[in-house]
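Protein chains in written order, with UniProt numbering: chain A, 1 to 150; chain B, 1 to 511. Written out below as structure tokens is the structure these notes cover.
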Amino acid sequence: MTVPRRITKETTRLISEPVPGIVAVPFEHNARYFQVSMCGPKDSPFEGGSFKLELSLPEDYPMAPPIVRFLTKIYHPNVGKMGRIRLDILKDKWSPALQMQTVLLSIQALLSAPNPDDPLQNDIAQIWKDDEELAIKTAIEWTRKYACGD
Amino acid sequence: MDSDDDYFEAEDESSLVEDEGRVSDDEGFLGDTMIVPDDPLGSGSKEEDVYPFVCLSAEQIVELMLEILNEVNDIVNIPHTTLRILLAHFNWDKELLLEKYYEYDGNPEQIFKDAHVISPFKLKSTCKTKGQSSRTDAECEICCSSYSRSFMTGLNCGHIFCKGCWSQYLRTKIMDEGMSQTIPCPAYKCEIIVDDEIVMCLISEKKVRMKYQHLMSNSFVECNSLLKWCPAPDCHHVIKVEYRDRQPVKCQCGRVFCFECSESWHDPVLCLHLKKWLKKCDDDSETSNWISANTKECPKCQVTIEKDGGCNHVICRSQTCKHEFCWVCLGPWDPHGASWYNCNRYNADDAKKARDVQQRSREMLQRYLFYCNRYMNHLQSLKFESKLYALVKRKMEEMQQLNMSWIEVQFLKKAVDVLCECRQTLMYTYVFAFFLNRNNQLLIFEDNQADMEKATETLSEYLERDITTASIREIKQKVQDKYRYCDSRRNVLLNHVHEGYDKDWWDYLDL
Numbered sequence: 001m002t003v004p005r006r007i008t009k010e011t012t013r014l015i016s017e018p019v020p021g022i023v024a025v026p027f028e029h030n031a032r033y034f035q036v037s038m039c040g041p042k043d044s045p046f047e048g049g050s051f052k053l054e055l056s057l058p059e060d061y062p063m064a065p066p067i068v069r070f071l072t073k074i075y076h077p078n079v080g081k082m083g084r085i086r087l088d089i090l091k092d093k094w095s096p097a098l099q100m101q102t103v104l105l106s107i108q109a110l111l112s113a114p115n116p117d118d119p120l121q122n123d124i125a126q127i128w129k130d131d132e133e134l135a136i137k138t139a140i141e142w143t144r145k146y147a148c149g150d
Numbered sequence: 001m002d003s004d005d006d007y008f009e010a011e012d013e014s015s016l017v018e019d020e021g022r023v024s025d026d027e028g029f030l031g032d033t034m035i036v037p038d039d040p041l042g043s044g045s046k047e048e049d050v051y052p053f054v055c056l057s058a059e060q061i062v063e064l065m066l067e068i069l070n071e072v073n074d075i076v077n078i079p080h081t082t083l084r085i086l087l088a089h090f091n092w093d094k095e096l097l098l099e100k101y102y103e104y105d106g107n108p109e110q111i112f113k114d115a116h117v118i119s120p121f122k123l124k125s126t127c128k129t130k131g132q133s134s135r136t137d138a139e140c141e142i143c144c145s146s147y148s149r150s151f152m153t154g155l156n157c158g159h160i161f162c163k164g165c166w167s168q169y170l171r172t173k174i175m176d177e178g179m180s181q182t183i184p185c186p187a188y189k190c191e192i193i194v195d196d197e198i199v200m201c202l203i204s205e206k207k208v209r210m211k212y213q214h215l216m217s218n219s220f221v222e223c224n225s226l227l228k229w230c231p232a233p234d235c236h237h238v239i240k241v242e243y244r245d246r247q248p249v250k251c252q253c254g255r256v257f258c259f260e261c262s263e264s265w266h267d268p269v270l271c272l273h274l275k276k277w278l279k280k281c282d283d284d285s286e287t288s289n290w291i292s293a294n295t296k297e298c299p300k301c302q303v304t305i306e307k308d309g310g311c312n313h314v315i316c317r318s319q320t321c322k323h324e325f326c327w328v329c330l331g332p333w334d335p336h337g338a339s340w341y342n343c344n345r346y347n348a349d350d351a352k353k354a355r356d357v358q359q360r361s362r363e364m365l366q367r368y369l370f371y372c373n374r375y376m377n378h379l380q381s382l383k384f385e386s387k388l389y390a391l392v393k394r395k396m397e398e399m400q401q402l403n404m405s406w407i408e409v410q411f412l413k414k415a416v417d418v419l420c421e422c423r424q425t426l427m428y429t430y431v432f433a434f435f436l437n438r439n440n441q442l443l444i445f446e447d448n449q450a451d452m453e454k455a456t457e458t459l460s461e462y463l464e465r466d467i468t469t470a471s472i473r474e475i476k477q478k479v480q481d482k483y484r485y486c487d488s489r490r491n492v493l494l495n496h497v498h499e500g501y502d503k504d505w506w507d508y509l510d511l
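Structure (structure tokens):
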């Protein structure tokens, strides 16, 4: 299967000019599948954690958005139990002019700024709204417990 | 075809009077049908005027769109492509568009912004700034390849992409996402809408072009309350009316449907009730039969219980209930325990209360099943319609062999037409009655219904009979009399219901 020029180019760029805090490595046998590790942004409850994600490019990429999912457990109102991410550019606001890098940056930004008004996990969002301190405390705990291993 | 029928009715009107002595109030009606030759069912109610409508083909819808475009363009004078997007934005309500357009005092910029188009008045200043750069090649942001400028294109927002990516993008939006009037520029966060001209220019594949045009027409029809797609499968015609109403319209394909709700024409029942009814039938017609025969409700929490064996001491399994009762008398089990199975105390208050509740819910079910069975019965008969037409066609041929002329045997076809119409009406009369409380007008209605049903069944029976040379004239007379009678009874019934709607006779149940 040939890989479209765009994917090759993007991959080269991801590797040659990586964004600080994000490493994306294509799978050896599948150029459309990437293993990503993302550092929790500074001044967020996820600081110090290293989160694993998977990213795969569907057949009709870039017309259709990449599929991204957290593999590391994370306490965040916009991330589902199965790691699904609620982010507009991964759904209806996707534009073929966007790239993997922009997507990953947006996810990192989402970690800095959780949006409990548009949640994927209602219970977490509620706590985030009612008692932000507790929510942040839990998020820090989870980060330490699940994202600070080797 | 309608005029033919009317000719027969006119010719034979006198014979009606002989039939079964119930004609006095019907006579006037037939006269009226003749004045209303375009009524798709040949039987509108007598006071009402003809409901005006036309059937449009796919091409005519496009023409209609163009007509509106031109009409508005005469006033505002902006490019067609932009205007089309504006009109779509206002759901093709041209008055609203014009009103808003001039509301801003000759400065309609806000409208262009809301509709996600670049204002044609600003165009000269913003457009092509990108195109002016001197490099001959440019990189397409989507596929990351470089192309000569001539192979790159874009909307007035200035974002350009290569034609290959453009057409693939449009294809995805049209074929996979079913978008037409709302496809935005592919650039991130750019909301400028792609116009039809550029789509037609960039898409060469016939299938995609067709789909695009269909989607355009579809959104035009959907947002125009005076237009309705014919609901028949694979029919691409549209009915256009002059005002919206609950009226029958007939498509070129032959389908007669209610303009208001798009269901088959369902006089006398209202759209609202028909919808409720159809939903109810979908939900529980088969299941409720079984429930009725095999279960009882827990007298305390009303959960439905099936007893599939064991003794009559039943403990409700519902986690929050756990009520213990006797399956036979539905009273509490406690008094039974002392001397086993002692529910001969018929008037024990608790048991009676429980049975009352039970009975009420059974009655509701029985009532529904009563109407449902009758409705289904007519529906089933209607399904054999095509078979019946074939049978009658054969008979008509037979009769022509027996020295009858073509025109003389047409009465048989007409009889089947009437039979089908009557069955359809009868079918919906049961839905109508299902939603009504008993009152005197309902009794009159039920008399009408019974009379019409009896006549319809007799007509149906006549049509099944064999025809012999000896009986042929006699049969013709009988069949003709009967279908005229059926038709007139049908009109009496419908007029009575309509009158009731006008005069608020009907007392609806809260179901």
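C-beta: ideal position from N, C-alpha, C; glycine also. From a predicted model like this one, the values you see are computed outputs, not experimental measurements.
- Residue pairing by DSSP places glutamine 35 of chain A opposite A/Val25, A/Glu54 in a beta bridge.
- In chain order, Ala31 place their CB closer than 8 Å to the CB of threonine 8 of chain A, counting only its own chain and leaving out the 5 sequence neighbours on each side.
- Within the model, the alpha-carbon separation for glycine 149 of chain A versus serine 44 of chain A is close to 18 Å.
- Within chain A, Arg6, Pro62, Pro96, Ala97 have C-beta atoms less than 8 Å from the C-beta of isoleucine 142 of chain B, given in sequence order.
- Across the structure, serine 318 of chain B and lysine 503 of chain B are spaced so that their CA atoms are roughly 48 Å apart.
- Considered as a whole, the segment 63-132 of chain A harbours 67-70 as its complete beta strand (DSSP E) runs of no fewer than 3 residues, in chain order.
- Taking 4 residues as the shortest admissible run, the segment 196-268 of chain B contains the following complete alpha helix (DSSP H) segments, listed from N- to C-terminal end: 196-202, 206-222.
- Residue pairing by DSSP places alanine 390 of chain B in no beta bridge whatsoever.
- Listed as beta-bridge partners of aspartate 137 of chain B by DSSP are B/Ser148.
- Pairing lysine 42 of chain A with proline 96 of chain A, the inter-Cα distance amounts to about 30 Å.
- Residues of chain B whose Cβ lies closer than 8 Å to the Cβ of lysine 9 of chain A are, in chain order, Cys144.
- Closest by C-alpha distance to alanine 351 of chain B, out of B/Thr456, B/Lys275, B/Trp327, B/Ser225, is B/Trp327.
- Within chain A, not a single residue places a beta-carbon under 7 Å from that of tyrosine 147 of chain B; the smallest gap is close to 12 Å.
- Tryptophan 94 of chain A and lysine 173 of chain B have their C-alpha atoms some 12 Å from each other.
- If you compare the alpha carbons of B/Glu363, B/Phe384, B/Phe259, B/Met210 with that of lysine 296 of chain B, the shortest gap goes to B/Glu363.
- The alpha-carbon of phenylalanine 411 of chain B is positioned some 55 Å away from that of leucine 98 of chain B.
- In the three-state DSSP reduction, threonine 8 of chain A falls in the helix class (H, G or I).
- Judged by their CB atoms, phenylalanine 220 of chain B and isoleucine 78 of chain B are not nearer to each other than the 8 Å cut-off.
- Between valine 194 of chain B and cysteine 201 of chain B, the C-beta spacing is not below 8 Å.
- In terms of Cα proximity to serine 180 of chain B, the closest of B/Asn156, B/Arg209, B/Gly158, B/Lys189 is B/Arg209.
- According to the DSSP assignment, histidine 496 of chain B belongs to the alpha helix (DSSP H) that extends over 472-503.
- Among the residues facing chain A, threonine 172 of chain B is included, as its CB has a counterpart in that chain under 8 Å away.
- Going by DSSP, histidine 80 of chain B is part of the alpha helix (DSSP H) stretching over 80-89.
- CA-to-CA, the gap between lysine 100 of chain B and alanine 64 of chain A works out to about 37 Å.
- Burial of glycine 40 of chain A is indicated by the presence of at least 16 other C-beta atoms within 10 angstroms of its C-beta.
- Fewer than three Cβ pairs drawn from the segment 391-407 of chain B and the segment 422-437 of chain B lie within less than 8 Å of each other, which leaves the two stretches out of contact.
- With 16 or more other Cβ atoms inside 10 Å of its own Cβ, asparagine 491 of chain B counts as buried.
- When Cβ-Cβ separations below 8 Å define contact, alanine 138 of chain B makes no contact with chain A.
- The Cβ atoms of isoleucine 239 of chain B and phenylalanine 53 of chain B lie closer than 8 Å to each other.
- Membership of glutamate 297 of chain B in the beta strand (DSSP E) is indicated by the continuous run 295-297.
- Here cysteine 422 of chain B is buried, its C-beta having at least 16 other C-beta atoms within 10 Å.
- By the rule that beta-carbons nearer than 8 Å mark a contact, proline 231 of chain B does not touch chain A.
- Residue environment for threonine 425 of chain B: buried (at least 16 other C-beta atoms within 10 angstroms of its C-beta).
- Under the DSSP assignment, cysteine 162 of chain B falls in the beta strand (DSSP E) whose first and last residues are 160-162.
- With respect to chain A, the C-beta atom of cysteine 165 of chain B has a partner C-beta closer than 8 Å.
- Between the alpha carbons of aspartate 451 of chain B and tryptophan 406 of chain B lies a gap of roughly 32 Å.
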